[in-house]
């Protein structure tokens, strides 16, 4: 088995970035989901579930550690990395409430104009990250703006099996993984508890429950009229009212990952 793809998403629900190597840190891949849009009035997080057009926003890191934002029909915008303790804004991600730095008015105006909704752009430094649910993690395990866990892994064979069941090729990016593994049997990752990729170890915390986001074309943001692949997943991957595809991971060491690294199941 080997690591066949690496993805990060600098802006939660924004466009993906395909990498050949990446550093694993306490919050997962360096720079992954460290920025997020929130409703201006409430601070509630915004995603493609509500606003599919967010998937057309490109956020790329610039040399200063900030972001370069671009989107169809808009001039690009350079956004500076905010200071960790300046202009803090109260935000909510699911049931978590936290205070994080706001990226300023220019970014808010640019993004609000594109998504058609008053919003703010915020960034989370490691010191302000959220505790992962201790039902699945240790005290001190932290996550940035990902839904619940620092990393998501999917086996390529699992996607291939799902594509065959649906009857057409499906894009891996519908599921927004960080790590893709080749060489395992379909859904082999369901039974893993600990793995090693290269020299780094990861704990498999729990399966990833899937939502309507998987029915959006990852390139256009258009929703599939047949609600695939969620419709098919419900026929064989549903339990306790949730549909599962992929596994959430916790890093148990920090260092570099590169495509082609061997993957070993430790437990």
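In my numbering, the protein residues as written are 25 to 291. Beta carbons: idealized from backbone N, C-alpha and C, even for Gly. All of these numbers come straight from a predicted model, not from anything done at the bench.
* 8 Å Cβ cutoff met for residue 293 and residue 274 -> The structure shown has nothing for residue 293, since the chain only spans 25 to 291.
* To do: From the DSSP output, in three-state form, read off residue 246 for me.
  => coil
* residue 100: which of 134, 109, 193 sits nearest, CA to CA? -> 134
* Beta-carbon proximity of residue 278 to residue 48, cut-off 8 Å -> yes
* To do: State the CB to CB distance for the pair residue 166 and residue 53, rounded to an integer number of angstroms; the pair is presumed to be in contact (CB under 8 Å).
  => Actually they do not touch by this definition, with Cβ atoms about 14 Å apart.
* Asked: Roughly how many angstroms lie between the CA atoms of residue 67 and residue 268, to the nearest whole one?
  -> 29 Å
* Counting pairs of Cβ atoms below 8 Å between the segment 83–96 and the segment 32–42, do you hit three or more? -> yes
* Asked: With distances taken between CB atoms, is the gap from residue 218 to residue 291 smaller than 8 Å?
  -> yes
* Exposed or buried, residue 272, counting other C-beta atoms within 10 Å across all chains shown (16 or more means buried)? -> buried
* To do: Go to residue 41, then tell me how far its alpha helix (DSSP H) extends in each direction, as first and last residue.
  => Run containing residue 41: none in the alpha helix (DSSP H); it sits in the beta strand (DSSP E), 41–43.
* Who pairs with residue 287 in a beta bridge, going by DSSP? -> 221
* **Residue closest to residue 244, alpha-carbon to alpha-carbon, out of 170, 27, 80, 188** => 80
* Drop a sphere of 10 angstroms on the beta-carbon of residue 57, count the other beta-carbons inside from all chains shown, and report buried for 16 or more, exposed for fewer. => buried
* If you draw a straight line from the C-alpha of residue 197 to the C-alpha of residue 33, how long is it? -> 11 Å
* Does the beta-carbon of residue 182 have 16 or more other beta-carbons within 10 angstroms, so that it is buried, or is it exposed? -> buried
* To do: Within the segment 140–179, note down every full alpha helix (DSSP H) run reaching 4 residues or more, in order along the chain.
  => none
* To do: Sort 192, 180, 287, 236 by Cα distance to residue 222 and report the nearest one.
  => 287
* To do: Could you tell me which of 145, 250, 215 sits nearest to residue 190, measuring between CA atoms?
  => 250
* Asked: What is the residue span of the alpha helix (DSSP H) that residue 259 lies within?
  -> 254–260
* Asked: If you run the structure through DSSP and keep just helix, strand and coil, what is residue 241?
  -> coil
* Return the CA-CA distance between residue 260 and residue 42, expressed in angstroms with no decimal places. => 30 Å
* residue 197 lies in the beta strand (DSSP E); which residues open and close that run? -> Counting along the chain, residue 197 falls outside any beta strand (DSSP E), and DSSP gives it neither H nor E.
* Asked: Going by the beta-carbon positions, is the gap between residue 237 and residue 201 smaller than 8 Å?
  -> no
* Under 8 Å, do residue 179 and residue 205 count as touching if we go by C-beta distance? -> yes
* Asked: Residue range of the beta strand (DSSP E) that residue 60 falls in?
  -> 59–63
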